[in-house]
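**Q** In terms of full-length UniProt numbering, the sequence shown has 101 at position 101, counting the first letter as 1, and numbering is strictly consecutive. Using N, Cα and C, we set each Cβ at its ideal position, and we do this for glycine too. Since this is a predicted model, take the numbers as computed values, not measurements. Right, I'll just put the structure down here and ask away after.
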Amino acid sequence: MLTLYRPGDGPWHRLPAGPKSLVLLVIVLGVSLLPATWWCAAVAVGACVGCYAVRGAGMRDLLRQVVTVRWILLVTLAGQLVFTGPETAVANTARVGAAVVISGLLTLTTPVSELLDVLERAMRPLAWLRIDPQRAALTVAVTLSTLPVLARLEREVREAQRARGGGRSLRLFAIPFLVVALKHADALGDALTARGVR
């Protein structure tokens, strides 16, 4: 969910989108259901490293994904430390981080067109609820592809803020980030409208 597709010929790239989605779903569920212990935190991190330690992905991509979700990890850890002990806090943070980063392999190794086809097939049963599978799949695909764009915009605003001597002020960051994010949303909406999506 965090990085756009990168071409490659590794095992994750060669695996068809449908089976790959199921395999990653099983791994993410397995990591999420681990008990909150030190040992299981190590298992979650090990599963994450194992998923990326194959040709076509690699530790650089893993590090990039972890850096992207660092704020989620910090907020999760801080919130857990307030209400639970260190072991539970670290284990829960490791499970959340591993689940998010492992699921990022799907968008990292699957072209958006293939991902859209898989999502559309998976959502066909929703048609009897009067939910358009094509529109629902497009919404999910657009959301997945927008997250990395927002992460890039965040980096750009932070760099511009530092270049102007703005320090780490949240107020000085939030307003420019909101402006560029809304501009991106407008451009995305215009592009979808131009292609006949309503």
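Give the straight-line distance between the Cα atoms of Pro125 and Thr88, rounded to the nearest whole angstrom.
**A** Taking the first residue of the sequence shown as position 1, residue 125 is located at position 125. Taking the first residue of the sequence shown as position 1, residue 88 is located at position 88. Roughly 38 angstroms between the two C-alpha positions.
**Q** With a cut-off of 8 angstroms on the beta carbons, I'd call Ala137 and Leu108 a contact; round off their distance for me.
**A** As a working mapping, residue 137 is identified with position 137 in the sequence shown. As a working mapping, residue 108 is identified with position 108 in the sequence shown. Rounded, the Cβ-Cβ distance is 19 angstroms, inconsistent with contact.
**Q** Gly85: buried (16+ other C-beta within 10 angstroms of its C-beta) or exposed?
**A** Locating residue 85 in the sequence shown gives position 85, counting from the first residue. Exposed.
**Q** From Trp12 to Leu153, what distance separates their C-alpha atoms?
**A** By 1-based counting over the sequence shown, the position of residue 12 is 12. By 1-based counting over the sequence shown, the position of residue 153 is 153. Going from the Cα of Trp12 to the Cα of Leu153 covers about 28 angstroms.
**Q** Can you tell me the Cα-Cα spacing of Ile131 and Arg55, whole angstroms?
**A** Walking along the sequence shown from the start, residue 131 turns up at place 131. Walking along the sequence shown from the start, residue 55 turns up at place 55. So the alpha carbons of these two residues sit roughly 39 angstroms apart.
**Q** Counting pairs of beta carbons, one from the segment 64-78 and one from the segment 93-110, are three or more of them closer than 8 angstroms?
**A** Flag = yes, the segment 64-78 and the segment 93-110 touch.
**Q** What are the boundary residues of the alpha helix (DSSP H) that includes Ser169?
**A** Here residue 169 refers to the residue found at position 169 of the sequence shown. It is not in any alpha helix (DSSP H) - Ser169 carries neither H nor E in the DSSP assignment.
**Q** Could you round the C-beta distance between Ala42 and Val31 to whole angstroms and report it? I think they count as a contact, below 8 angstroms.
**A** Residue numbering aside, residue 42 sits at position 42 when the sequence shown is read from its first letter. Residue numbering aside, residue 31 sits at position 31 when the sequence shown is read from its first letter. Not a contact, Cβ separation roughly 12 angstroms.
**Q** Relative to the C-alpha of Gln65, which candidate in Pro148, Ala191, Gly8 and Leu81 has its C-alpha closest?
**A** For the purposes of this step, residue 65 is taken as residue 65 along the sequence shown, with counting starting at 1. Taking only the C-alpha atoms, the option nearest Gln65 is Pro148.
**Q** Please state the DSSP three-state secondary structure of Arg14.
**A** In the sequence shown, the residue the question calls residue 14 occupies position 14. Reduced to three states, the DSSP call for Arg14 is helix.
**Q** For Ala17 versus Glu159, is the C-beta spacing smaller than 8 angstroms?
**A** Taking the sequence shown and counting its residues from 1, one reaches residue 17 at position 17. Taking the sequence shown and counting its residues from 1, one reaches residue 159 at position 159. Cβ atoms of Ala17 and Glu159: not closer than 8 angstroms.
**Q** Answer yes or no: do Thr143 and Tyr5 have a C-beta to C-beta separation smaller than 8 angstroms?
**A** Your numbering for residue 143 matches position 143 in the sequence shown. Your numbering for residue 5 matches position 5 in the sequence shown. No; because the gap between Cβ atoms is not below 8 angstroms, this pair is not in contact.
**Q** The alpha helix (DSSP H) spanning Arg124 covers which residue range?
**A** As a first step, residue 124 is located in the sequence shown; it is residue number 124 there, counting from the start. Note, Arg124: premise wrong, no alpha helix (DSSP H); not H, not E.
**Q** Start and end of the alpha helix (DSSP H) containing Gly58?
**A** Walking along the sequence shown from the start, residue 58 turns up at place 58. From DSSP, Gly58 is part of no alpha helix (DSSP H); its letter is neither H nor E.
**Q** So the candidates are Phe173, Val69, Phe177 and Leu105; which of them puts its Cα closest to the Cα of Val23?
**A** Residue numbering aside, residue 23 sits at position 23 when the sequence shown is read from its first letter. Of the listed residues, the one whose Cα sits closest to Val23 is Leu105.
**Q** Where does Arg171 land, buried or exposed, given buried means 16+ other C-beta within 10 angstroms?
**A** For the purposes of this step, residue 171 is identified with residue 171 of the sequence shown, where counting begins at 1. When all chains shown are included, Arg171 counts as exposed.
**Q** Quick one: using the 10 Å Cβ neighbour count with 16 as the cut-off for buried, is Leu25 buried or exposed?
**A** What you label residue 25 is simply residue 25 of the sequence shown in a count that begins at 1. It is exposed - the Cβ of Leu25 has fewer than 16 other Cβ atoms within 10 Å.
**Q** Quick one: measure Cβ to Cβ for Ala163 and Asn92, integer angstroms, because I've assumed they're closer than 8 angstroms.
**A** Indexing the sequence shown from 1 puts residue 163 at position 163. Indexing the sequence shown from 1 puts residue 92 at position 92. About 37 angstroms separates the two Cβ atoms, so there is no contact after all.
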